[in-house]
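**Q** Numbering (my numbering), first residue to last: 1 to 440. Quick reminder that beta carbons are idealized off the backbone N, C-alpha and C, glycines included. If you're wondering where the values come from, they're calculated on a predicted model, not measured in any experiment. Okay, handing you the structure first.
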Amino acid sequence: MAMPVGLSPTDAGETVMGSPSNRFGDETVRSVLRNRIRLISESQEDGGTDPQVLRSMTTLRRKSSMVAEVQEAIQDVTDEVGQFFPLFPMALVYGFTAVWLVVRLTIYAALITPAALKYVYAYFFDNRIIHRVRYGPNRRNFLDIYLPPEATAAQARGAQKLPVVIGVMGGAWVMGHRSWNTQFGMRLLDAGVILVAVDYRNYPIGQVPDMVEDVGRAIAWVRANIKTFGGDVNNMVLHAQSAGAHLSAMLMIEHGLLSATGDCEQDDCSSVKGLKGVVLVSGPYDLEAMQPHLVARGLNAKMLSILTVDGDLAACSPTLLLESDEWKEHGKKAAENLPPIYLFHGTTDKAVPSWSSVRFAKKLQDVGVKDVTLDIRQDCTHTLPIIEGPMRGKHDMQVELVLPFLLGKQKAKERLAKLPKRPSSMPEFIVKIAEWIMPY
1 MAMPVGLSPT DAGETVMGSP SNRFGDETVR SVLRNRIRLI SESQEDGGTD PQVLRSMTTL
61 RRKSSMVAEV QEAIQDVTDE VGQFFPLFPM ALVYGFTAVW LVVRLTIYAA LITPAALKYV
121 YAYFFDNRII HRVRYGPNRR NFLDIYLPPE ATAAQARGAQ KLPVVIGVMG GAWVMGHRSW
181 NTQFGMRLLD AGVILVAVDY RNYPIGQVPD MVEDVGRAIA WVRANIKTFG GDVNNMVLHA
241 QSAGAHLSAM LMIEHGLLSA TGDCEQDDCS SVKGLKGVVL VSGPYDLEAM QPHLVARGLN
301 AKMLSILTVD GDLAACSPTL LLESDEWKEH GKKAAENLPP IYLFHGTTDK AVPSWSSVRF
361 AKKLQDVGVK DVTLDIRQDC THTLPIIEGP MRGKHDMQVE LVLPFLLGKQ KAKERLAKLP
421 KRPSSMPEFI VKIAEWIMPY
């Protein structure tokens with residue numbers, strides 16, 4: 001039976017695979033993930049680089065020529081294309097619907113390209129952005145750092161440090177690039193906030209445990225090094241969207257459990273606990289429950305299974321991890337180790353229905369996580385907060401979500417009021433056409 005968008009599997013009469021008693025089996029996926037997270041603290045003791053070297057690197061990167069920046073950008077694009085091509089045969093296997101979604105996404109990208117060009121230029125040539133800083137040993141283990149003018153003074157010894165946002169983009173686990181945070185980063189520069197935009201391995205280069213490991217390594221790197229760039233390690237927020245929100249939620253829960261069981265290094269455990277907040281936007285938190293939704297849209301549910309180890313969706317689902325025997329045993333203490341959690345979702349999200357966040361929020365509250373906020377926005381799509389809203393010049397949803405955690409509600413309101421107004425970058429009728437074509 002097709003599941004209407006916005007309904008949970010049980011609301012739609014769907015049967016969710018497995019049960020709490022048998023979902024996790026031999027926990028192969030979780031064992032792999034645990035070992036990956038433990039390795040982070042063993043190999044990332046002080047960020048892997050002396051702070052003075054990082055400061056010198058910052059200066060050198062600022063002095064790099066436009067040609068060098070373009071060369072780096074071309075290398076990034078080459079890597080992305082090299083990853084993406086193997087997915088085309090898969091799309092053909094999954095049928096016409098998958099191909100049609102790709103076509104619609106391509107048309108959408110063409111429509112918004114004129115508005116996006118200013119951000120493309122800014123990403124390549126704005127000297128406030130430090131590109132391709134390596135945070136780990138794996139492919140795509142790079143991050144970009146957006147430094148507002150105030151960061152120069154903040155780098156001095158004893159100076160007041162700047163608030164920091166760690167940005168983890170989405171991309172359905174198979175595409176995406178840290179440059180997708182450019183619009184967000186440029187707006188945070190206006191607000192005097194540092195953004196660290198993180199890349200992670202996509203499928204088929206990596207599966208969910210690899211991706212979660214990468215996000216964990218990136219956060220550990222930021223904690224170890226952001227002071228060098230003028231950032232306040234005690235005033236950081238993690239902002240993640242779509243697939244990035246799923247991976248961040250996975251990392252958060254695993255960190256909570258590892259900390260509760262005393263099974264990770266103290267510095268590594270604190271890398272998530274020490275965050276001022278975790279803002280998760282439009283994330284799929286129950287991969288088992290997402291399968292009927294994919295089928296209802298004409299897609300093959302195996303698209304999710306290939307992302308996991310041995311197709312174990314439950315072990316890669318944050319909502320279902322809260323039903324595991326380990327959480328039942330250690331959940332009370334683990335819940336105390338989680339930072340404040342803010343779940344944002346739109347009611348007209350076609351890619352990930354809003355019930356994903358509703359169910360995750362309820363489950364978090366049911367198991368004892370005290371600081372959970374659920375924000376369900378009417379008539380908000382999957383991409384409105386990050387693309388169409390900013391293009392219209394009317395919305396700063398991402399900035400509005402993170403600033404209260406960093407500055408407090410009143411100061412955040414004052415800072416938002418001082419931001420320069422952004423003009424609309426596209427005619428409204430083109431934006432509406434793009435929204436209509438956008439498959440997500």
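Are the beta-carbon atoms of ILE166 and VAL222 separated by less than 8 Å?
**A** For ILE166 and VAL222, yes; Cβs fall inside 8 Å.
**Q** Sorted by chain position, which residues of the same chain lie with C-beta nearer than 6 Å to MET426's C-beta, five sequence neighbours on each side aside?
**A** Answer for MET426: ALA115 and MET391, listed in chain order.
**Q** Using 8 Å for Cβ pairs, my map puts VAL369 next to ALA335. What's the rounded Cβ distance?
**A** Confirmed, Cβ separation roughly 5 Å.
**Q** Quick check on the DSSP output: the beta strand (DSSP E) that includes VAL165 runs from which residue to which?
**A** Start and end: 162-168.
**Q** Put GLY216 into one of helix, strand or coil per three-state DSSP.
**A** DSSP places GLY216 in helix when its eight states are reduced to three.
**Q** Out of LEU189, VAL279 and GLU388, point me to the one whose CA is closest to ILE129's CA.
**A** Checking every option, the nearest Cα to that of ILE129 belongs to LEU189.
**Q** Within 10 angstroms of the Cβ of ARG201, are there 16 or more other Cβ atoms? Answer buried if so, exposed if not.
**A** It counts as buried.
**Q** If you draw a straight line from the alpha carbon of SER424 to that of GLU388, how long is it in whole angstroms?
**A** Computed Cα separation, rounded: 10 Å.
**Q** Would you call the CB atoms of VAL281 and PRO137 closer than 8 Å?
**A** Result no, Cβ atoms of VAL281 and PRO137 do not sit closer than 8 Å.
**Q** Mind checking which residues open and close the alpha helix (DSSP H) that includes VAL309?
**A** No alpha helix (DSSP H) holds VAL309; DSSP gives it neither H nor E.
**Q** I'd like the span of the beta strand (DSSP E) that includes GLY346, first residue to last.
**A** Run containing GLY346: 341-346, per the beta strand (DSSP E) assignment.
**Q** Throw me the rounded Cβ distance for the ALA154 and GLN160 pair, which I believe falls under 8 Å.
**A** Right, the Cβ-Cβ distance comes to about 6 Å (below 8 Å), so this counts as a contact.
**Q** What residue range is occupied by the uninterrupted beta strand (DSSP E) comprising GLU431?
**A** According to the sequence displayed, residue 431 carries Val and not Glu. First-last for VAL431: 428-437, but that is the alpha helix (DSSP H), not the beta strand (DSSP E).
**Q** Alpha carbon to alpha carbon, how far is TYR440 from MET290?
**A** So the two alpha carbons sit approximately 14 Å from each other.
**Q** Report the rounded CA-to-CA distance for ILE306 versus MET186, giving the unit in angstroms.
**A** In a straight line, the C-alpha of ILE306 is about 35 Å away from that of MET186.
**Q** Could you spell out the range, first to last residue, of the alpha helix (DSSP H) harbouring GLY244?
**A** GLY244 -> alpha helix (DSSP H) spans 243-260.
**Q** Using a Cβ-Cβ cutoff of less than 7 Å, which residues in the same chain neighbour ASP214 once the five nearest sequence positions on both sides are dropped?
**A** These residues qualify, in order along the chain: GLY136, ASN138, ASN141, TYR200 and ARG201.
**Q** Quick check: the Cα distance between GLY408 and ARG415, rounded to an integer number of angstroms?
**A** Straight-line Cα distance between these residues: approximately 10 Å.
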